[in-house]
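Chemist: Numbering (UniProt numbering), first residue to last: 1 to 152.
The C-beta atom is built at its ideal place from N, Cα and C for all residues, glycine as well.
1. Buried or exposed: where does residue 56 fall if 16 or more other Cβ atoms within 10 Å of its Cβ makes it buried?
2. Just how far apart, CA to CA, sit residue 2 and residue 80?
3. Can you find at least 3 beta carbon pairs, one from the segment 94-108 and one from the segment 144-152, that sit closer than 8 angstroms?
4. Do you know offhand how far residue 76's Cα is from residue 45's?
5. In angstroms, rounded to a whole number, what distance separates the CA positions of residue 27 and residue 88?
6. With the cut-off set at 7 angstroms, would you say residue 105 and residue 129 are in Cβ contact?
7. If you reduce the DSSP assignment to three classes, tell me which class residue 154 lands in.
8. DSSP on residue 28, reduced to helix/strand/coil?
9. Whether or not the segment 14-25 and the segment 58-72 are in contact is what I'm after, with contact meaning three or more pairs of Cβ atoms, one per stretch, closer than 8 angstroms; do they touch?
10. What does DSSP give as the partner residue(s) for residue 177 in the beta ladder?
11. Of all the options 126, 8, 78, which has the alpha carbon lying nearest to the alpha carbon of residue 16?
12. From residue 78 to residue 134, what distance separates their C-alpha atoms?
13. Quick one: grab the DSSP three-state call for residue 124.
14. Confirm, please, whether the CB-CB distance from residue 146 to residue 11 is below 7 angstroms.
15. Excluding sequence positions up to five away, which residues of its chain have a Cβ less than 6 angstroms from the Cβ of residue 86?
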């Protein structure tokens, strides 16, 4: 079991995820087209030459999904019942093809589930940083997490 059981988590616990990922133009193009997002910000290099960024920005939906996805192996793989929501999603600095991100996750809240005694609700704070250690994405994610079974 790669994930962590609810009752093994502690508020303040920090995970420095070992997986890093270099972003590509293909990532950006695929996410933008798969989600029917035709924004010039993501798919038009010529248009972006005339902007303060000078080149296409990575699609923020890709950034959010990748940030959370990188965290799964260390936190919720095999122990999650359901993702309950993402809150306070922010992108304080731009990301571009060629940037490499790494992710840090902190447990910020734990509470017992009122309807499911075998699980609890955990809130994670996910933060993604580029290769310069600039914060490029952050969100709070709440999920229903299994407790450790008696026979485990």
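Modeler: Put simply:
1. Within the chain shown, the letter at position 56 stands for residue 56. With 16 or more Cβ atoms within 10 Å of its Cβ, residue 56 is classed as buried.
2. Your numbering for residue 2 matches position 2 in the chain shown. Your numbering for residue 80 matches position 80 in the chain shown. Approximately 11 angstroms, taken between the alpha carbons.
3. In short, these stretches do not touch, since the Cβ pair count stays below three.
4. Taking the chain shown and counting its residues from 1, the one referred to as residue 76 is at position 76. Taking the chain shown and counting its residues from 1, the one referred to as residue 45 is at position 45. Whole-angstrom Cα-Cα distance: 37 angstroms.
5. The residue labelled residue 27 in the question sits at position 27 within the chain shown. The residue labelled residue 88 in the question sits at position 88 within the chain shown. Roughly 24 angstroms between the two C-alpha positions.
6. Against the chain shown, residue 105 aligns to sequence position 105. Against the chain shown, residue 129 aligns to sequence position 129. No, the Cβ-Cβ distance between residue 105 and residue 129 is not below 7 angstroms.
7. Within the shown structure, residues of the chain are numbered from 1 to 152, placing residue 154 beyond reach of any answer.
8. Within the chain shown, numbered from 1, the residue matching residue 28 stands at position 28. DSSP places residue 28 in helix when its eight states are reduced to three.
9. yes
10. The chain is shown only over 1 to 152; residue 177 falls outside these bounds and no answer can be derived.
11. The residue labelled residue 16 in the question sits at position 16 within the chain shown. Nearest C-alpha to residue 16: 126.
12. Mapped onto the chain shown, residue 78 falls at position 78. Mapped onto the chain shown, residue 134 falls at position 134. When rounded, the distance between both Cα atoms is 31 angstroms.
13. As a working note, residue 124 is residue 124 in the chain shown. Three-state DSSP puts residue 124 in a strand.
14. As a first step, residue 11 must be located in the chain shown, where it is residue number 11. As a first step, residue 146 must be located in the chain shown, where it is residue number 146. Not a contact, by the Cβ cut-off of 7 angstroms.
15. Here residue 86 is taken as the residue at index 86 of the chain shown, counted from 1. Taken in chain order, the residues that qualify are 139, 141.
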